[in-house]
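Down below is the structure, laid out as structure tokens.
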Amino acid sequence: MGRLRQVSLAEASPEIKELYKQFFGDRDPVNEPGTATGTPGDYWTTFALVPDILFQARTTLGSMLAPGRKLPAPLRELAILRTGIVGDSRFEYSQHLKVARMVGVAEEKLQAIKGWVVSDNFTAVERAVMQATDELIGRNLVEDETFAELKRHLSDEQILELFYVIGLWRMHGMIVRALHLEYDNATTARMKEIPAPPPKK
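Note that my numbering gives residue 108 to position 35 of the sequence shown, counting from 1, and the numbers run on in steps of one.
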């Protein structure tokens, strides 16, 4: 149960109703929660309290997941997964395991990502990305040695996108946890993937 009121279909603006339709069909997501990916969906119904925040979040997050970004999608997903792990957001971790598979991250890497430091499954650039993520989330900095390793593998544009992704998903993971939304309510076990339901026929 989230900590804030949710916006029902009846009280939603036309723009919010259109967004709800994309995720929930014709259901009232407050009375009949649940998205196609299996999440409760209360991220959307809570953020709808302030519509411009909801639409800004959707646009910004979506733009970083869109094709054509400088940072390769597999590296982006490793960074988001480490952001979820270090930031203790099961919602981010569970959802982005699925996205990581979609963009081609090997299953053995996903199984090893919690203990990546002692794993032989990752390349030098993947290790640099995860080290930078851990430092940013854990200490709000990136050590000179880590940054130099990033520069050996990534362009300046890719590094900026990487840091922006880490900061963006950290912010949203923090808000979701603080408000007890989705899989990050006060009673859930940590860092476990929640499987998506089978497609409806």
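Each residue gets a CB set at the ideal place from its N, CA and C atoms; glycine is no exception.
Everything numeric in this text was worked out from a predicted model, so none of it was measured.
| query | result |
| --- | --- |
| Looking only at its own chain, which residues have a Cβ that is under 8 angstroms from the Cβ of Met-203, when we skip the five neighbours before and after it? | Leu-151, Ala-152, Arg-155, Ile-186, Trp-189, Phe-195 |
| With a CB to CB cut of under 7 angstroms and the five nearest residues on each side skipped, what residues in its chain are close to Arg-243? | Thr-156, Gly-160, Ile-210 |
| Could you say if the stretch 227 to 236 and the stretch 89 to 96 meet the contact criterion of at least three C-beta pairs nearer than 8 angstroms? | no |
| Which complete beta strand (DSSP E) runs does the stretch 213 to 252 hold, if anything under 3 residues is left out? | none |
| Helix or strand or just coil, what does DSSP make of Leu-151? | helix |
| Can you tell me whether Gln-79 is buried or exposed? The criterion is at least 16 other CB atoms within 10 Å of its CB, across all chains shown. | buried |
| Tell me whether Lys-182 is buried or exposed, calling it buried when 16 or more other Cβ atoms sit within 10 Å of its Cβ. | buried |
| Could you say if the stretch 93 to 111 and the stretch 137 to 150 meet the contact criterion of at least three C-beta pairs nearer than 8 angstroms? | no |
| Do Gly-75 and Leu-64 have their beta-carbon atoms positioned less than 9 angstroms apart in this structure? | With the chain covering 74 to 274 only, the question about residue 64 has no answer from this structure. |
| Going by CA-CA distance only, name the one from Thr-219, Val-123, Gly-246 that's closest to Val-198. | Thr-219 |
| When the Cα atoms are used, what is the spatial distance from Arg-263 to Ala-221? | 33 angstroms |
| With C-beta atoms as the reference, is Ala-109 less than 9 angstroms away from Pro-270? | yes |
| Whole angstroms are fine: how far does the CA of Phe-128 sit from the CA of Tyr-200? | It is worth fixing the name first, because residue 200 is Arg in this sequence and not Tyr. Between Arg-200 and Phe-128, the C-alpha separation is close to 33 angstroms. |
| What are the start and end residues of each continuous beta strand (DSSP E) run of 3 or more residues lying completely inside the stretch 151 to 207, in chain order? | none |
| For Lys-94, report the span of its alpha helix (DSSP H) as first-last. | 87 to 97 |
| When you compare the CB positions of Ser-136 and Glu-266, do they come within less than 9 angstroms of one another, or not? | no |
| Have a look at Leu-77 and Arg-225 and give me their C-alpha separation to the nearest angstrom. | 45 angstroms |
| Kindly indicate which three-state DSSP category Asp-257 falls into: helix, strand or coil? | coil |
| In this structure, how does DSSP classify Asp-101 when only helix, strand and coil are distinguished? | coil |
| Suppose you measure from the CA of Ser-30 to the CA of Arg-131; what does that come to, to the nearest Å? | The question about residue 30 has no answer, for the chain in this structure spans 74 to 274. |
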